[in-house]
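Start counting at 1 in the sequence shown, then tack on 199, and there's your number in the numbering used here. For glycine and all other residues, C-beta sits at the position ideal for the given N, C-alpha and C. In what follows, a single structure is set out as structure tokens and then discussed.
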Amino acid sequence: MSNRKTVERVIAPPETHWVGDGFRVHNFFPHATDEQRMSPFYLLDYNSRHYFPPSDKPPGVGPHPHRGFETVTFAFKGKVAHHDSRGNAGVIGEGDVQWMTAGSGILHKEYHEADFARQGGDFHMIQLWVNLPAKDKMTEPKYQAIENREFGKFELDGDLGFVEVVAGAFNGVKGPATSFSPVEIYIAHVKAGAKLDFSLAPNYNTGIVNLEGSLRINAHDEVPVDNFVLFANDGSDFTVEALADSKYFILSGKPLHEPIASRGPFVMNTEEEIRQAMRDYGTGKFGHLE
């Protein structure tokens, strides 16, 4: 393959930590890289498949602020309910995506949907933070609630599976999500033996989370389940082969090349902007949420 994009590292899942009592996550970045390495993506928390027993009190995380970026939640197993300080509420169903632009600031809480919590079951999620360009940091908050049926879908020949397109385009099939900078996000569901060729811009920062099964990249690098593939910025083309029935998540985006100042739930460009965010939060400018 000419112009090959090679694997820089295969990263085993970092030690888990809890976000509230409802999200047991491995932080692939910035924990295992640095704040700029996957720009425009800032954070990827991966809730590998984990069984939650039945509970009358839905586990989750209480009200917390966000400013300066977008949170994108992918529900592979389980359901997540949410509320915010602007009166929005909803449920992220299994297979769906919620794309929240925090922008100028919002209070938000997320927890297991009540019926799912009462029944218990496997919970499998990704939360991705997409940094906003400096000119868009203070944009008005908004949501894109994207149901699975809205995804673009590319079918593989020979009944070997399909690729869901959430953002960007794959083989001419477009995804429904809109973003403030160019990103590509796909979810591949494939049978053992399926090979897929991808072509993504050399300067885009690109990675794969292996959600299920086992993969081989470019006929060389093997990727166990729950591992993250970090690609080098040295080419555009790569091949993913499923060594077993597999499901994997691909993300790629054009880096912002802007300074980052971050503290907890705020991702801005300067320390003064962080201090202002903390002042605004402290004085109630993000609204109120019980």
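When the alpha-carbon of Y310 is set against those of V290, G320 and L327, the nearest one is in V290. Residue environment for R266: buried (at least 16 other C-beta atoms within 10 angstroms of its C-beta). By the Cβ test, the region 318–337 is not in contact with the region 368–376, since fewer than three Cβ pairs between them sit closer than 8 Å. Nearest C-alpha to S398 among G452, E207, E354 and S254: G452. A distance below 6 Å between beta-carbons, with the five flanking residues on each side excluded, links G294 to the following residues of its chain, in chain order: N347. Take G434, set aside five residues on each side of it, and the residues of its chain with a beta-carbon closer than 6 Å to its own are N202, R203, K204 and P401, in chain order. Sorting N432, A431 and V439 by C-alpha distance to the C-alpha of P423 places V439 at the top. Under the 8 Å Cβ criterion, the region 261–280 counts as touching the region 331–347, having at least three qualifying pairs. A393 sits buried, since 16 or more C-beta atoms from the chains shown fall within 10 Å of its C-beta. Across the structure, I305 and N417 are spaced so that their CA atoms are roughly 42 Å apart. Comparing alpha carbon positions, the residue from L243, V218, A333 and D479 closest to I449 is L243.
Looking at the backbone, the Cα of H249 and that of P375 are separated by about 29 Å. Here G360 is bridged, per DSSP, to V389. Between the alpha carbons of F361 and E472 lies a gap of roughly 43 Å.
Per DSSP, A376 lies in no alpha helix (DSSP H) and is assigned neither H nor E.
If you look at G481, you'll find it in the alpha helix (DSSP H) that goes E470 to G481. With 16 or more other CB atoms across the displayed protein chains lying within 10 angstroms of its CB, W298 is buried. When L410, E312, D220 and V271 are compared, the shortest CA-CA separation from P212 is found for L410. In the three-state DSSP reduction, F315 falls in the helix class (H, G or I). The Cβ neighbour count for H216, taken over all protein chains shown within 10 Å, is under 16; the residue is labelled exposed.
Membership of A288 in the beta strand (DSSP E) is indicated by the continuous run A288 to I291. For L355, no beta strand (DSSP E) encloses it, and the DSSP letter there is neither H nor E. In summary, P253 is exposed, with fewer than 16 beta-carbon neighbours lying within 10 Å of its beta-carbon over all protein chains present. DSSP links L399 through a beta bridge to no other residue. Straight-line measurement puts the Cα of Q475 at about 46 Å from the Cα of R415.
Counting only the Cα atoms, T272 lies some 19 Å from G286. Nearest Cα to F251 within the set H230, K276, F240 and I384: K276. Annotation: V224 to S413 spans about 20 Å, alpha carbon to alpha carbon.
Assigned with DSSP and collapsed to three states, N409 falls in strand.
Ranked by Cα distance from D358, the first of R236, V389 and V382 is V389. Cβ neighbours of Y403 within its own chain (closer than 7 Å, five residues either side excluded): S451, G452 and K453.
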